[in-house]
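What follows is the structure in structure tokens.
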């Protein structure tokens, strides 16, 4: 179904021997803005008596000035309908009083009163949608009230999902893997991450520059057009200087400009993946506009702004600007950490402009290796040579300044102190750098094997079904890495499992040929595995059919799932399972 409407269908059967009188209600609080306490004051509601449709318009908030929200009910036989657009009437001691208009605490509340005879079945539905105007919303509702329209719409929706999700099917000895790969992972990545960009734990709606690019890459094997559209969309949110909006809200395009080190590089990374997977280099010639907006002041780490579009360039030039902007190095010859790299919580490691990231070094090596042949094929030989020379120097620095003796360091603080070292009082080892030492192909193979072995020994717990991001957690050490230190020990990035990175560990194991170990860890990461027993459910406490962003790693909550649904882990788990399985 392509209409912008949510349908909640309810089938009620009276299994008794006497007639029953029932009431069924639907309720939604209206926001139409950022905060209901603010934006709700300027929402005006109305009710169309003829079609029995509730409508709501925002009078002030720029992002919601265009269009109308609508709510309605559908019944297979006559019912008595009551409504209100005032939360106080629905939640308080009164009844649904039919109030609409301005100055209310706005909501859509619709109640259906019906009588149900013995053995009788009724089918009802509640609709919630958004349209360009009241007439367009009315058309959607009236169309769904046609006989058998709801069944047809449900069949169309199911058919669309089956057509997409059945393009890749796997069958392994491990049902916990098959269940996720053969449906749930791509559903989570597409419905929640790319389309909804919202879930219970993070109802934001924004596009994350690096986030949705990675999500889209999961579809390269089955529907590359999804990745193509996403690549071009994100390229159009790059500034002329090469940096990007870290995230932005449609339709206004307002977003946040930052000093994060890695965000801009996901554009060339995913573009190279696309070209390699599809064999379609023509995408590099697509013309894409740039953004123009005020630059960050010295000492300013981020700014919320509404940039303007200016004349653009080819996607190839967009990618190269991202790479070229990332070639600045610190005192040890490693890329700068900025106000954070992949780990947002490490936002003060390099806040003064001198901190360095070992992980960024491996990530950048991977991208330089991908783009050097692309540059050569396009006749851009001077850039290809520059990327090759830079990559060689960077690999040398990673081995000389990144190697800690048994694994790779995570980076260096602004004051030159190592992060992720045996000499560190906290975060002695971090999984991210070790996984990408392998995935990038930049590390000396013997060291890469030792580094990943250290992860397996120090961060992977088979008994607890965890792959911790780092250990030991930050708590009271002398250095301040950022807001990660504000998390309780073992929560999220601070010593818990961050599933995104855990899946890179699995991919690195596959890359080194550790197939049995990789398969075992992959099975361990499946939410189905975590909830396979009653005892496991009591520990895990979240859904068994979608990937959790994080799992707590320290007592008394070890093994408890963090937030679910809205995580890039679903997209990464799909290629980890299907491509390497």
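Residue numbers (the UniProt record's numbering): 1 to 581. For each residue, glycine too, the CB sits at the ideal point set by N, CA and C. Predicted model only: the values in this text are computed from it and were never measured.
Between residue i and the rest of its own chain, which residues show a CB-CB distance below 7 Å, the 5 nearest in sequence each way excluded?
i: residue 137; result: 53, 55, 68, 70, 129 and 131
i: residue 171; result: 178
i: residue 358; result: 334, 398, 402, 408, 409, 410, 411 and 433
i: residue 508; result: 435, 438, 439 and 452
i: residue 90; result: 27, 84, 96, 107 and 109
i: residue 99; result: 84, 85, 86 and 89
i: residue 11; result: 121 and 123
i: residue 526; result: 176, 177 and 180
With a threshold of 8 Å between beta carbons, is residue i in contact with chain D?
i: residue 249; result: Judged by its chain identifiers, the structure shown contains no chain D, having just a single protein chain.
My output table needs one value for residue i: the three-state DSSP class, helix, strand or coil.
i: residue 650; result: Since the displayed the chain opens at 1 and closes at 581, residue 650 lies outside it and no answer follows.
i: residue 311; result: strand
i: residue 220; result: coil
i: residue 464; result: coil
i: residue 258; result: strand
i: residue 238; result: strand
i: residue 500; result: helix
i: residue 146; result: coil
i: residue 516; result: helix
i: residue 171; result: coil
i: residue 195; result: helix
i: residue 487; result: coil
i: residue 559; result: coil
i: residue 579; result: Bear in mind that a pLDDT of 45 at residue 579, under 50, signals an unreliable position, so the number given afterwards is only what the model happens to contain. Correct three-state label for residue 579: coil.
i: residue 7; result: strand
i: residue 246; result: strand
i: residue 316; result: helix
i: residue 588; result: Not covered by the structure: residue 588. The range shown for the chain is 1 to 581.
i: residue 357; result: strand
i: residue 18; result: coil
Answer yes or no: do residue i and residue j have a C-beta to C-beta separation smaller than 8 Å?
i: residue 574; j: residue 181; result: yes
i: residue 209; j: residue 197; result: no
i: residue 199; j: residue 552; result: no
i: residue 560; j: residue 541; result: yes
i: residue 64; j: residue 32; result: yes
i: residue 115; j: residue 19; result: yes
i: residue 365; j: residue 394; result: yes
i: residue 123; j: residue 3; result: no
i: residue 550; j: residue 497; result: yes
i: residue 351; j: residue 414; result: yes
i: residue 664; j: residue 495; result: This structure gives no information on residue 664, because the portion of the chain shown stretches from 1 to 581.
i: residue 253; j: residue 289; result: no
i: residue 564; j: residue 543; result: yes
i: residue 336; j: residue 261; result: yes
i: residue 43; j: residue 30; result: yes
Grab me the residues of residue i's own chain with a C-beta within less than 6 Å of its C-beta, minus the 5 sequence neighbours each way, in chain order.
i: residue 579; result: Here the model assigns residue 579 a pLDDT of 45, short of 50, so the residue's position is not dependable, and the following value carries that caveat. So the list is empty, once near-sequence residues are dropped.
i: residue 263; result: 209, 210, 244 and 246
i: residue 368; result: 387 and 391
i: residue 249; result: 206
i: residue 524; result: 465
i: residue 193; result: 215
i: residue 220; result: 227 and 277
i: residue 460; result: 467
i: residue 492; result: 550
Nearest to residue i by CA position, among the options, is which residue?
i: residue 268; options: 489, 363, 11 and 517; result: 363
i: residue 317; options: 195, 465 and 232; result: 232
i: residue 125; options: 149, 335, 176 and 535; result: 149
i: residue 285; options: 294, 293 and 275; result: 275
i: residue 354; options: 322, 77, 259 and 98; result: 259
i: residue 431; options: 462, 502, 486 and 488; result: 502
i: residue 112; options: 488, 81 and 236; result: 81
i: residue 568; options: 331, 98, 234 and 187; result: 187
i: residue 134; options: 218, 158, 201 and 45; result: 45
i: residue 59; options: 389, 103, 235 and 242; result: 103
Once you ignore the five residues that flank residue i on each side, which residues in its own chain have a CB closer than 8 Å to its CB?
i: residue 450; result: 406 and 407
i: residue 145; result: 74
i: residue 577; result: At residue 577, the pLDDT of 46 sits below 50, so the modelled position is not reliable and the matter cannot be decided from this model.
i: residue 442; result: 361, 362, 365, 366, 369, 391, 394, 395 and 398
Please report the Cβ distance between residue i and residue j, rounded to the nearest whole angstrom; I am assuming they are in contact, meaning their Cβ atoms lie under 8 Å.
i: residue 320; j: residue 229; result: With a Cβ gap of about 21 Å, residue 320 and residue 229 do not count as contacting.
i: residue 558; j: residue 513; result: Actually they do not touch by this definition, with Cβ atoms about 31 Å apart.
i: residue 522; j: residue 506; result: 5 Å
i: residue 346; j: residue 484; result: 6 Å
i: residue 539; j: residue 570; result: About 21 Å; that fails the 8 Å criterion.
i: residue 374; j: residue 448; result: Incorrect: roughly 25 Å between the Cβ atoms, too far for contact.
i: residue 428; j: residue 472; result: 7 Å
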